[in-house]
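Here's the structure, in structure tokens; my notes come after.
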Amino acid sequence: MLNDAELKALLEQLNTVAVVGMSTNPAKAAHRVPAYLLTEGFEVIPVNPHAETILERRCYHSLLDIPESIDIVDVFRPSEDALAVVEEAIARHRVRGDVALIWLQLGIANETARALAADAGIPFIQDRCMAIEIPRLFPHGRQQKQP
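For the sequence shown, the positions run 3 to 149 when my numbering is used.
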């Protein structure tokens, strides 16, 4: 498990977030959190097979369909579905050499997925929200010089 200093250092370096399960509904956290990430300077890539665009960004059906390099895989899927997403992220990591962090959002946890990520050497966060952790770690904003 990453401590705060390690997580902060990673988040300072990483920029592209593939959001698996991103929602078209602005009332849902799976829409609000990625919108927040955009304000913090992240590039967001939606993964939702049921939408063409979200937040004016092209949606992809799966992580393997994304042509750009991915730094973070942010998961908004039920805990029981998280394992398949993590397996896909690990497969992509092995083939493409990207995916530096896997993040399961607040309320989402899967210990088997955590163990697989650890075996693959990919840092793993679960049951935590990026829109809570980023302002906690970067009180002046991720793009601002921190005191």
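All C-beta atoms in this analysis are idealised placements derived from N, C-alpha and C, irrespective of residue type, glycine included.
Do residue i and residue j have their CB atoms nearer than 7 Å?
| i | j | result |
| --- | --- | --- |
| Glu-45 | Asn-27 | no |
| Glu-42 | Arg-144 | yes |
| Ala-1 | Gly-23 | One cannot answer for residue 1 here, as it falls past the ends of the chain, which runs 3 to 149. |
| Ala-29 | Ile-47 | no |
DSSP has residue i in a bridge; who is on the other side?
| i | result |
| --- | --- |
| Pro-48 | Val-21 |
| Val-75 | Ala-20, Ile-104 |
| Arg-59 | Ile-56 |
| Ile-136 | Answer is none; Ile-136 lacks a bridge partner. |
| Ile-127 | Trp-105 |
Of the choices the options, whose alpha-carbon is the least far from that of residue i?
| i | options | result |
| --- | --- | --- |
| Tyr-38 | Leu-13, Ile-136, Glu-82 | Ile-136 |
| Phe-126 | Val-35, Glu-42, Ala-84, Ala-29 | Ala-84 |
| Cys-61 | Glu-113, Asn-5, Pro-141, Pro-36 | Pro-36 |
| Ile-72 | Glu-58, Val-49, Pro-80, Ala-86 | Val-49 |
| Gly-109 | Phe-78, Gln-15, Ala-53, Ala-122 | Phe-78 |
| Thr-55 | Arg-34, Glu-70, Ser-25 | Ser-25 |
Around the Cβ of residue i, are there at least 16 other Cβ atoms within 10 angstroms (buried) or fewer (exposed)?
| i | result |
| --- | --- |
| Asp-76 | buried |
| Gln-128 | buried |
| Val-97 | exposed |
| Ala-115 | buried |
| His-95 | buried |
| Ala-120 | exposed |
| Asn-5 | exposed |
So, do the region 84-95 and the region 58-76 have three or more beta carbon pairs nearer to each other than 8 Å? yes
Do the region 123-140 and the region 94-110 touch if we need at least three Cβ pairs shorter than 8 Å? yes
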